[in-house]
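Chains A and B supply the protein sequences, listed in that same order. Quick note on numbering: the first sequence equals residues 1 to 120 in this note's numbering. Quick note on numbering: the second sequence equals residues 121 to 231 in this note's numbering. Even glycine gets a Cβ: it sits at the ideal position worked out from N, Cα and C. These numbers were taken from a predicted model, which means no experiment stands behind them. Remarks on the structure that follows.
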Amino acid sequence: QVQLVQSGAEVKKPGASVKVSCKASGYTFTGHYIHWVRQAPGQGLEWMGWITPDSGGTNFAQKFQGRVAMTRDTSIRTAYMELSRLRSDDTAVYYCAKEEALWSGYLDVWGQGTTVTVSS
Amino acid sequence: QSVLTQTPSASGTPGQRVTISCSGSSSNIGSNTVNWYQQLPGTAPKLLIYSNNQRPSTVPDRFSGSKSGASASLAISGLQSEDEADYYCAAWDDSLNGRVVFGGGTKLTVL
Numbered sequence: 001q002v003q004l005v006q007s008g009a010e011v012k013k014p015g016a017s018v019k020v021s022c023k024a025s026g027y028t029f030t031g032h033y034i035h036w037v038r039q040a041p042g043q044g045l046e047w048m049g050w051i052t053p054d055s056g057g058t059n060f061a062q063k064f065q066g067r068v069a070m071t072r073d074t075s076i077r078t079a080y081m082e083l084s085r086l087r088s089d090d091t092a093v094y095y096c097a098k099e100e101a102l103w104s105g106y107l108d109v110w111g112q113g114t115t116v117t118v119s120s
Numbered sequence: 121q122s123v124l125t126q127t128p129s130a131s132g133t134p135g136q137r138v139t140i141s142c143s144g145s146s147s148n149i150g151s152n153t154v155n156w157y158q159q160l161p162g163t164a165p166k167l168l169i170y171s172n173n174q175r176p177s178t179v180p181d182r183f184s185g186s187k188s189g190a191s192a193s194l195a196i197s198g199l200q201s202e203d204e205a206d207y208y209c210a211a212w213d214d215s216l217n218g219r220v221v222f223g224g225g226t227k228l229t230v231l
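The structure is reproduced here in structure tokens:
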């Protein structure tokens with residue numbers, strides 16, 4: 001079945017970087033954008049950006065410009081999101097999600113989430 | 121501050137019909153389709169409605185969506201206790217090279 005499986009929880013110190021992986025299975029990896037969405041404790045969903053696994057093209061929310069990178073390795077069907085210069089307010093659950101129809105925001109499959117805790 | 125606007129909370133008793141609204145602008149809901157997500161406590165969001173009013177095959181027909189202009193709504197009929205969750209609207213936004221925008225979420229309580 002179509003599935004996205006994310007890497008495990010991380011604890012980082014302020015100023016460090018974190019890299020979260022998202023392994024896809026059950027569909028054509030290069031045929032669908034992957035989006036990254038985060039959710040701070042008790043807060044709503046916040047869109048971070050997308051990557052097109054075909055070409056590696058990306059677009060990021062303005063808030064994260066200069067601090068986020070999204071990459072992919074098509075040989076192992078895995079997308080990555082790296083956030084640098086971490087702050088305490090980056091503590092959140094980070095989700096990857098597959099976009100079913102191009103430029104629709106229609107995210108039909110989600111990863112299980114990766115908890116990132118930033119604490120000194 | 122979310123780009124799409126939702127009322128923070130809603131409630132109903134079992135069997136009732138409740139409606140959750142979502143408002144946006146011409147660059148998102150006004151020109152693109154709306155999707156709705158359900159998030160149960162401690163779990164990842166789940167797609168509930170896509171393309172304004174389409175349901176994935178696993179979603180009961182008690183859930184329905186509609187859109188008019190730059191606003192959309194989600195209706196839940198025959199409310200059940202397991203419907204207690206957070207509901208988010210989302211849409212593609214044509215600004216800033218294309219992005220997904222979310223509402224702030226509506227917490228639905230089944231009394």
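Report all residues from its chain with a CB closer than 6 Å to the CB of residue i; omit the five preceding and five following residues, and keep chain order.
{"i": "A:Q39", "result": "L45, A92 and V93"}
{"i": "B:N172", "result": "T153, V154, G185 and K187"}
{"i": "B:C142", "result": "L124, Q126, A192, C209 and G223"}
{"i": "A:W110", "result": "Y95 and A97"}
{"i": "A:A24", "result": "L4 and R77"}
With DSSP run on the structure shown, which of helix, strand or coil describes residue i?
{"i": "B:S122", "result": "coil"}
{"i": "B:S186", "result": "strand"}
{"i": "B:S177", "result": "coil"}
{"i": "B:D93", "result": "Summary: the structure shown does not reach residue 93 of chain B, with chain B confined to residues 121 through 231, and so no result is reported for it."}
{"i": "B:S129", "result": "strand"}
{"i": "B:T163", "result": "coil"}
{"i": "A:T114", "result": "strand"}
{"i": "A:S88", "result": "helix"}
{"i": "B:E204", "result": "coil"}
{"i": "A:T71", "result": "strand"}
{"i": "B:I108", "result": "Residue 108 of chain B is absent from the structure shown; chain B starts at 121 and stops at 231."}
Give every residue of the same chain whose Cβ lies closer than 8 Å to the Cβ of residue i, excluding the five residues on either side of it in the sequence, and list them in chain order.
{"i": "A:G26", "result": "Q1, V2 and Q3"}
{"i": "A:K13", "result": "L86, V118, S119 and S120"}
{"i": "A:F64", "result": "M48, G49 and L83"}
{"i": "B:P165", "result": "Y157, Q158, Q159 and Y208"}
Please return the same chain residues whose Cβ sits closer than 7 Å to the Cβ of residue i, not counting the five positions on each side in sequence.
{"i": "A:F29", "result": "P53, T74 and R77"}
{"i": "B:A130", "result": "V138, I140, T226 and L228"}
{"i": "B:I169", "result": "N155, W156, R175, F183, G185 and L194"}
{"i": "B:A205", "result": "Q158, Q159, L160 and L228"}
{"i": "A:D108", "result": "K98 and E100"}
Count the CB pairs spanning the region 128-139 of chain B and the region 84-97 of chain A that are closer than 8 Å, and state whether there are at least three. Contact fails between the region 128-139 of chain B and the region 84-97 of chain A, because fewer than three Cβ pairs, one in each stretch, are under 8 Å apart.
Could you give the uninterrupted runs of the beta strand (DSSP E) lying entirely in the region 15-66 of chain A, keeping only those of 3 residues or more? Every beta strand (DSSP E) stretch that sits fully inside the region 15-66 of chain A and reaches 3 residues is listed by chain position as 18-25, 34-39, 46-51 and 58-60.
Taking beta-carbon pairs under 8 Å, can you tell me which members of the region 163-184 of chain B lie near chain A? A164, P165, K166, L167, Y170, S171 and P176
Members of the region 193-215 of chain B that neighbour chain A once the beta carbon cut-off is set at 9 Å: D206, Y208, A210, A211, W212, D213 and D214
Near-chain B residues of the region 104-117 of chain A - C-beta to any C-beta below 9 Å: S104, G105, Y106, L107, D108, V109, W110, G111, Q112 and G113
With 8 Å as the limit, tell me which residues of the region 51-75 of chain A have their beta carbon closer than that to any beta carbon of chain B; keep them in chain order. The region 51-75 of chain A vs chain B, Cβ under 8 Å: N59, A61 and Q62.
Taking a Cβ distance cut-off of 9 Å, strictly less, list which residues of the region 148-160 of chain B are near chain A, in chain order. N148, N152, T153, V154, N155, Y157 and Q159
Output, in sequence order along the chain, the residues in the region 15-37 of chain A whose CB is closer than 9 Å to any CB in chain B. H35 and V37
Using a Cβ cut-off of 8 Å, which residues of the region 215-227 of chain B contact any Cβ in chain A, in chain order? L216, N217, G218, R219, V220, V221, F222, G223, G224 and G225
Could you please tell me which residues of the region 87-101 of chain A, in chain order, have their CB closer than 7 Å to any CB of chain B? Y95
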